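Residue numbers (my numbering): 255 to 454.
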């Protein structure tokens with residue numbers, strides 16, 4: 255995509271032990287590089303991550319992601335997972351100055367956990383700051399409809415409900431890799447809604 259200026263769009267999703275970055279932790283991380291048609295390309299990064307403070311986990315989060323505790327006990331630590339991420343990014347052979355452009359559903363949430371995991375310096379070395387977000391895109395399209403006095407096209411902007419509205423099947427909801435794939439499919443479908451008028 256020319257709009258990326260050589261950077262690589264990558265769908266991102268995390269499963270976590272709760273909703274508070276820095277207190278709760280990532281327990282599954284998935285990053286899926288996408289080609290110009292927003293199709294998965296190459297090998298995704300996907301790992302369970304062992305929480306350092308499992309006692310802080312919100313039981314409601316466990317009910318959502320349903321990752322068995324024994325799988326997390328065998329998973330790499332957050333530090334080791336960060337090392338694996340750096341090695342994986344290196345294997346992508348990005349050009350000089352090229353980074354991954356995040357595509358996430360509710361990027362504010364994912365960004366908070368990404369920063370708590372990697373720190374600002376490593377985060378910025380890997381990821382571009384011009385993130386894409388299908389949830390924010392849906393909110394913007396709702397605003398555009400409201401300005402024109404039309405009914406908002408998206409009554410709910412959750413990943414689950416937007417996927418239903420676009421007839422996108424999420425193979426395994428609340429699995430990080432499946433959610434990343436669903437976000438990519440959703441963003442592609444939403445981009446097709448856009449029409450452009452070229453100024454003379």
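We put the beta carbon where it would ideally sit given N, CA and C, even for glycine. None of these values were measured; they are calculated from a predicted model.
Whole-angstrom C-beta distance between residue j and residue i, which should lie under 8 Å
i	j	result
residue 280	residue 303	5 Å
residue 283	residue 354	So it is not a contact: roughly 13 Å between Cβ atoms.
residue 228	residue 287	The requested residue 228 is not part of the displayed model; the chain covers only 255 to 454.
residue 275	residue 381	Not a contact, Cβ separation roughly 15 Å.
residue 329	residue 301	7 Å
Burial state of residue i (16 or more Cβ within 10 Å)
i	result
residue 271	buried
residue 401	exposed
residue 325	exposed
residue 413	buried
residue 343	buried
residue 307	exposed
residue 267	buried
Span separating the alpha-carbon of residue i from that of residue j
i	j	result
residue 384	residue 309	35 Å
residue 395	residue 345	37 Å
residue 259	residue 432	27 Å
residue 312	residue 449	43 Å
residue 443	residue 392	11 Å
residue 335	residue 403	48 Å
residue 340	residue 319	25 Å
residue 363	residue 387	11 Å
residue 377	residue 415	30 Å
residue 411	residue 389	6 Å
residue 338	residue 406	42 Å
residue 322	residue 399	43 Å
residue 317	residue 269	11 Å
residue 292	residue 278	31 Å
residue 424	residue 418	9 Å
residue 314	residue 350	43 Å
Span of the beta strand (DSSP E), counted from its first residue to its last, around residue i
i	result
residue 429	Element bounds for residue 429: n/a, residue is neither H nor E.
residue 269	262 to 270
residue 354	354 to 357
residue 299	299 to 302
residue 282	280 to 287
Extent of the continuous alpha helix (DSSP H) run through residue i
i	result
residue 309	First-last for residue 309: undefined, no H or E at that position.
residue 397	388 to 401
residue 376	361 to 380
residue 419	413 to 419
residue 332	332 to 345
residue 325	323 to 327
Legend entry - Segment contact flag, the stretch 424 to 441 with the stretch 356 to 372, C-beta cutoff 8 Å, min 3 pairs: Contact holds between the stretch 424 to 441 and the stretch 356 to 372, because three or more Cβ pairs, one in each stretch, are under 8 Å apart.
Under 8 Å, with one C-beta from each stretch per pair, do the stretch 362 to 382 and the stretch 412 to 432 reach the 3-pair mark?
No contact exists between the stretch 362 to 382 and the stretch 412 to 432.
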